[in-house]
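Here's the structure we're looking at; comments come further down.
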Amino acid sequence: MSLIALMRNPLTNATVSLVLLRRPQARFLATFALLAAILAPVCSGQDWTRFRGPDATGVSADDSRLPIQWNQQDNTQWSVDVPGQGWGSPIVVGKRVFLSTVIADEENTPPQKGLYLGQGVRDPGKGVHHWMVYCFDIDSGKQLWKHEAHTGRPTVPRHPKSSYAAETPTTDGQRLYVLFGDLGLYCYSLEGELLWQQDIAPKKTNLDYGAAASPVICDGQVIMVYDNLESSWIAAFDTETGQERWRTKRDETHSWATPFVWKHDQRTEIVVPGRVENRSYSPQGELLWHFKGRMSVLVIPSPFAAHGMCYVASGYVGDFHRPTFAILPGGSGDIAPSGEFAENEFIQWYQPKASPYNTTQIVYGDNLYTIYDQGIITCHHAKTGEEVYGKRRISPRGSFTASPWAYNGYLFCLSEDGLTYVIKAGDEYELVHTNPLEELCIATPSVSDGKLLVRTLTKLYCISGNDPVKSTGTKLTSQDLIDACIQGNLKLATACLEADVDVNSREPQGSTVLHVAAFFGHQEIVELLIQQQADRTALNQNQQTALQVVSQPWNQQLEQTYTRLANILSLELDMERLQKSREEIAAILRKAQQ
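Under the working numbering, the first residue of the sequence shown is numbered 37, with each subsequent residue one higher.
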């Protein structure tokens, strides 16, 4: 069924329709059809809902608004001060940006760049601390709300390189889930109302790094892992009520990796690395598979999937064995590699010294890239593990804790100095730009709706091209034309057609750009498309022309549908304009067919 045709159906179907339609720059990948099948939760494909994005890969859809060059002034749309200290990434739902921080009333030991290697004063933070949650508007940076989750003195020490707010929040599009790992799990409405909380008894952690594994969502549950020196566990809490559904003990002590919800053709599983064993759990907490991978003494990189495989790695700099495993789905019981860690039925490939310490690797295209803490990058073939290029020193030299991300054919690596290294994706190493923000950066950036969000020690930056038509090193495509027709961006639509983008481009569900522009009531773009000889007789998947789409009578049900969807997705829809535009566009299309 075409997404525009869905508007004729009950509200449940219509909800999915506009969720997909409002995905400007989302590139309408496979998730487009998938979202149409699963009616909830209501998240836009542009939403950055957890650490390293909705699929945990760190890869964003290409977007002509995303620049490859910036600094504190150029291509910075806005910046806001963020008090306190927190290393969690910002996440995005609709037009809202969420992040957590902890503010101390007294001055504490500031973090230093580079590796501590077990050194550093580790005492409980001085003074009263305030565990805070902030919400900002993604377009303006305006603070929408803040909430103090807890006030008090810290009861456990904290390594100076870490934070009492190290975790990244997560969301299912309906509620916000914020984890302060040594304190509690807090659930908020998107408007800032505290709905429930689960207190967590703090435990002693190795080197006093504290908790750092971020929460994830799986089957109506918030999943969290708390590995420590006293009693480690993985647990699931009901997203609606906060009630604990299950808890499974773990014989682990030295891991901080965010769990990964791996959905594949055979089942859904929760993959969690560990120093003792790598494990996978069912959504009910049952152990599915496990193996001893001789992981490094500290396990930090988070698992993710690409090319039908799950990548698991750990690479403490002081260890000889720093493995990366590419795991195939379907394993059961002990899937340990035989012999000297040779591949087996469920281990597609293995590299003994190919893992970073703090950062998580990234697969972009057919390559797996690893950025090491000391500023070295390597590249392996993601499907085979074969080396594409060996160690390359990034210059100028820097230390890295934030994980890399990718879009528009480039990799981006953010150093602790606040310098982003822009590297061209491919089989040869090529550094093309460096972008300074000139402040300590530990948090991994996020990408949503044509905007890059970078958190520094004291600020949150929103980076985006000021002009969506401005060259950013990428060629305008049919998706840019689709985006223009959704947004009503006449300038972008004109630029696309001047760049010879097909005037009859279709989105994956079958609607042409003329269908899309007509549906959203963008009269000037409809006229432009007709002038450029768009096919007025083209049919969408429901065998409707653009004229038939806008000729459906305006009624209360249709208006209620638009209103409900606008509220859900924070859209600004002028109903009077929509109704009038549909009538005017219908007249234009009738005349064009004469």
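Glycine included, C-beta positions come from ideal geometry on N, C-alpha and C.
These numbers come from a predicted model, not from an experiment.
(request) Give the straight-line distance between the Cα atoms of K149 and Q559, rounded to the nearest whole angstrom. (result) Cα-Cα distance, rounded: 54 Å.
(request) Could you have a look at S587 and say whether DSSP puts it in helix, strand or coil? (result) Three-state DSSP puts S587 in a helix.
(message) Closer than 8 Å is the cut-off here; do at least three beta carbon pairs connect the region 201–216 with the region 240–255?
(response) A contact is defined here as three or more CB-CB pairs under 8 Å, and the region 201–216 meets this definition with respect to the region 240–255.
(message) Can you check which of these residues, V537, D453, I522, is closest to I561 by C-alpha distance?
(response) Of the listed residues, the one whose Cα sits closest to I561 is I522.
(request) May I ask you to report which of helix, strand or coil DSSP gives D516? (result) Collapsing the DSSP output to three states places D516 in a helix.
(message) Does the contact criterion of 3 or more C-beta pairs under 8 Å hold for the region 414–427 versus the region 442–455?
(response) Output reads no: the region 442–455 does not touch the region 414–427.
(message) Can you tell me where the alpha helix (DSSP H) holding I566 begins and where it ends?
(response) The continuous alpha helix (DSSP H) containing I566 extends over residues 559–567.
(message) I believe K197 touches P147 by the beta-carbon criterion, under 8 Å. Please report the beta-carbon distance rounded to the nearest angstrom.
(response) Correct: roughly 5 Å between the Cβ atoms.
(message) Can you tell me whether E305 is buried or exposed? The criterion is at least 16 other CB atoms within 10 Å of its CB, across all chains shown.
(response) It is buried - the Cβ of E305 has at least 16 other Cβ atoms within 10 Å.
(request) Evaluate F87 with the Cβ neighbour count: other Cβ atoms within 10 Å of its Cβ, from every protein chain shown; 16 or more gives buried, anything less gives exposed. (result) Answer is buried; the Cβ neighbour count reaches 16.
(request) Would you kindly work out how many angstroms separate the C-alpha atoms of D91 and K616, rounded to a whole number? (result) The straight-line gap from Cα to Cα measures roughly 40 Å.
(request) Find out if the Cβ-Cβ distance for the pair N314, H326 is shorter than 8 Å. (result) Contact: yes.
(message) Let me check one thing: in DSSP terms, what residues is P472 bridge-paired to?
(response) P472 is bridged to L455.
(message) At the level of alpha carbons, what is the spacing between F68 and P544?
(response) Because the pLDDT of F68 is 35, which lies under 50, any placement of that residue in the model is unreliable, and the number read from its coordinates should be weighed accordingly. For the pair F68 and P544, the Cα-to-Cα distance works out to about 8 Å.
(request) Compute the Euclidean distance between the alpha carbons of R491 and L575, then round it to the nearest angstrom. (result) Pairing R491 with L575, the inter-Cα distance amounts to about 46 Å.
(message) Can you tell me whether T530 is helix, strand or coil according to DSSP?
(response) DSSP places T530 in helix when its eight states are reduced to three.
(request) Give the secondary structure of P205 by DSSP, where H, G and I count as helix, E and B as strand, and everything else as coil. (result) Here P205 sits in coil by DSSP.
(request) Starting from the C-beta of L517, find all residues in its chain whose C-beta is less than 7 Å away, skip the five residues before and the five after it, and write them out in chain order. (result) Hits under 7 Å: A529, C532, V537, S541, V549.
(message) Quick check: what's the CA-CA separation for Q588 versus A623?
(response) Answer to the nearest angstrom: the Cα atoms are 13 Å apart.
(message) Would S125 and A341 qualify as a contact pair, given that the criterion is a beta-carbon distance under 8 Å?
(response) No, they are not a contact pair.
(request) Could you check if A66 is buried or exposed, using at least 16 other CB atoms within 10 Å of its CB as the buried criterion? (result) With a pLDDT of 33 at A66, under the threshold of 50, the modelled position of that residue is not reliable, and no figure is offered here.
(message) Once DSSP output is grouped into helix, strand and coil, what is the label at N49?
(response) Low per-residue confidence applies at N49: pLDDT is 34, beneath 50, and the placement is therefore not dependable enough to give any value.
(message) To test your reading of the DSSP string, which unbroken beta strand (DSSP E) runs of 3 or more residues are found completely within the region 380–418?
(response) Runs found: 383–387, 398–400, 403–407, 412–417.
(message) By the three-class DSSP mapping on this structure, what secondary structure does T599 have?
(response) DSSP places T599 in helix when its eight states are reduced to three.
(message) Assess contact between the region 106–117 and the region 172–181, defined as three or more Cβ pairs (one per stretch) separated by less than 8 Å. Is contact present?
(response) In this structure the region 106–117 lies against the region 172–181, because at least three pairs of beta carbons, one per stretch, are closer than 8 Å.
(request) Specify the secondary structure class of V261 as computed by DSSP and reduced to three states. (result) DSSP places V261 in strand when its eight states are reduced to three.
(message) Please report the straight-line C-alpha distance between D355 and L323, rounded to a whole angstrom.
(response) Distance between the alpha carbons of D355 and L323 is about 28 Å.
(request) Find out if the Cβ-Cβ distance for the pair F382, I407 is shorter than 8 Å. (result) No, the pair does not count as a contact, with Cβ atoms beyond the cut-off.
(request) Please confirm whether F296 and S338 have their CB atoms less than 8 Å apart. (result) Yes, they are a contact pair.
(message) Determine whether the beta carbon atoms of S482 and V128 lie at a separation below 8 Å.
(response) Contact flag set, yes.
(message) For S586, which residues in the same chain have their Cβ closer than 6 Å to its Cβ, ignoring the five residues on either side in sequence?
(response) It is Val, not Ser, that sits at residue 586 in the sequence shown. So the qualifying residues of the chain are A554, R618, I621, A622.
(message) Suppose contacts are defined by Cβ-Cβ distances below 8 Å. Is I236 in contact with L221 by that definition?
(response) It is a contact, given that the beta carbons lie within the stated cut-off.
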